[in-house]
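In the numbering used here, the protein residues as written are 5 to 356. Heads up, the beta-carbon is just placed ideally off N, CA and C, and yes, glycines get one too. Worksheet for the structure shown next.
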């Protein structure tokens, strides 16, 4: 069972006149969340200089958050005691005397991973934050900066796609997948979407089609003659987006156009990507990987802000959304115990 110990940690800035008590989900050693994570209590002094006090509003539970706790992710917080969560949205409660970028009431997102969003309050330097519109739902603001941004980059950076072009993807019911469907649809790009069989398969197919998905099929169906007939009148996909691996990735590679590219950005099946030799030699397909954290490191803040603004505008227009499953932060221990044990009805978002 996940430990739920609470410890008060007092900071040493005794000259301050105000303080804020926060609860945070923390870990100091790598392992399963059930063994490594605990909820503790911290006291933050009021912000000074360029610091701001943030009250967290919402933060999702992403696979990378769990991988980070397990020690299997390429990056992690550098502090001895680490706070879980990489993504989320908060509101500025107060600012230090040298803060110029934010005022009380602004909603903000972390600029980089390893921020530690699974906490009720945070005191951080203004340089670590970016402003987000307060016109979009809190739950969508909390989840905009990882998965929808990945979808945006996948559709933008690997081919010059035009209206009428086709892409194929697996994991289409994920937030990345839902975002790909909608962003592609807004540009007239057709999508072939592969979905793992699940208890609510019919409802999920209908949902993906309502988002703008052109074809939604199971992993088994893509291997049938009926599927070949279904896509016969469509151009071959220029791009394949792989978040699953295994046979699903192989099947997508088989239907790519000659010279097409498959980009792997996840591996939820934990099975390797296996590509027949003939597809490489005779079809000249290209295999690439994508990791948003790496893209963020190598691109300007202006480019990042432009991407967030474009996605925010779509949300405001009602042309971009994704399923959310709201959870209470105080239940994080129980939530992580059951995470991935059943099909989720949406991205789990901790509400503070």
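- Under the rule that a run must span 4 or more residues, the alpha helix (DSSP H) segments found entirely inside the stretch 272-314 read 281-285, 296-302.
- Rounded to whole angstroms, residue 102 and residue 272 show a C-alpha spacing of 44 Å.
- Residue state for residue 101 is assigned as coil, using DSSP reduced to three classes.
- With contacts defined as CB atoms closer than 9 Å, residue 279 and residue 149 fail to qualify as a contacting pair.
- Inter-residue distance for residue 23 and residue 353 is about 27 Å (C-alpha atoms, whole angstroms).
- DSSP places residue 183 within a helical segment (H, G or I) once states are collapsed to three.
- The DSSP-derived three-state label of residue 169 is coil.
- Contact between residue 264 and residue 243 holds, since their C-beta atoms are separated by about 7 Å, short of 8 Å.
- Looking only at 28, 260, 343, 328, the smallest Cα-Cα distance to residue 147 is reached by 328.
- Excluding five sequence positions before and after residue 319, the CB atoms of its chain that fall closer than 6 Å to its own CB belong to 140, 144, given in chain order.
- Sequence-distant partners of residue 290 (beyond 5 residues in either direction) whose C-beta falls short of 8 Å from its own C-beta, in its chain, are 263, 264, 265, 266.
- Residue 246 is bridged by DSSP to 268.
- When the five nearest sequence neighbours on each side are left out, the beta carbons in the same chain lying within less than 7 Å of the beta carbon of residue 296 are those of 150, 153, 154, 157, in order along the chain.
- Apart from sequence neighbours up to five positions away, the residues of its chain that approach residue 227 with a beta-carbon distance below 8 Å are 255, ordered along the chain.
- For residue 56, the secondary structure class from DSSP, reduced to helix, strand or coil, is strand.
- The continuous alpha helix (DSSP H) containing residue 213 extends over residues 205-215.
- Minimum Cα-Cα distance from residue 62 among the listed residues 166, 165, 112 corresponds to 112.
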